[in-house]
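Contents: one structure, followed by commentary.
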Amino acid sequence: MSEGVVAKETFTFQTELGLVRVPNIVFGCGNDVQGFKYDKANISGILGLDMGHDSLIMQLFNHIQCRFSHCLVYSKAEMTANSPLRFGEDAVLPRDGTFRQLGL
32 MSEGVVAKET
42 FTFQTELGLV
52 RVPNIVFGCG
62 NDVQGFKYDK
72 ANISGILGLD
82 MGHDSLIMQL
92 FNHIQCRFSH
102 CLVYSKAEMT
112 ANSPLRFGED
122 AVLPRDGTFR
132 QLGL
């Protein structure tokens, strides 16, 4: 169970073609989470990438053609390591990288 706040805002994304603004994105912040298996100090947030109505992917569906990539870095990596999340045409996988494709 989680208690917190939910808001609707305009999100701005940096793309290779410039900034893209998407209005009316619903998101929230849980500040009283119970029954979650990870200690609060171990995570900084949760992002819904499934096909549920309120997931970020579905809210951006018309803008990203339901296409995204996320490069996860090793959890013990330096704090300066990037973990890029790319959408739509920006979701290009490097030829030399290892990746797993998930069916949605």
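Residue numbers (the numbering used here): 32 to 135.
Glycine is no exception: its CB is placed at the ideal position from the N, C-alpha and C atoms.
Values in this document were obtained by computation on a predicted structure and should not be read as measured data.
- In this structure, DSSP gives G35 an extended state, which the three-state scheme calls strand.
- Under DSSP, no beta-bridge partner is assigned to L48.
- For the pair N55 and V36, the CB atoms are not nearer than the 9 Å cut-off.
- Beta-carbon to beta-carbon, L91 and F118 are separated by about 6 Å, close enough to satisfy the 8 Å threshold.
- In terms of Cβ geometry, E34 and V64 form a close pair [threshold 9 Å].
- P115 and M89 have their C-alpha atoms spaced approximately 19 Å apart.
- A Cβ-Cβ separation of about 5 Å places D121 in contact with T46 under the 8 Å criterion.
- Within 10 angstroms of the beta-carbon of L48 lie fewer than 16 other beta-carbons, which makes it exposed.
- For H94, there is no enclosing beta strand (DSSP E); the enclosing alpha helix (DSSP H) has its first and last residue at F92 to I95.
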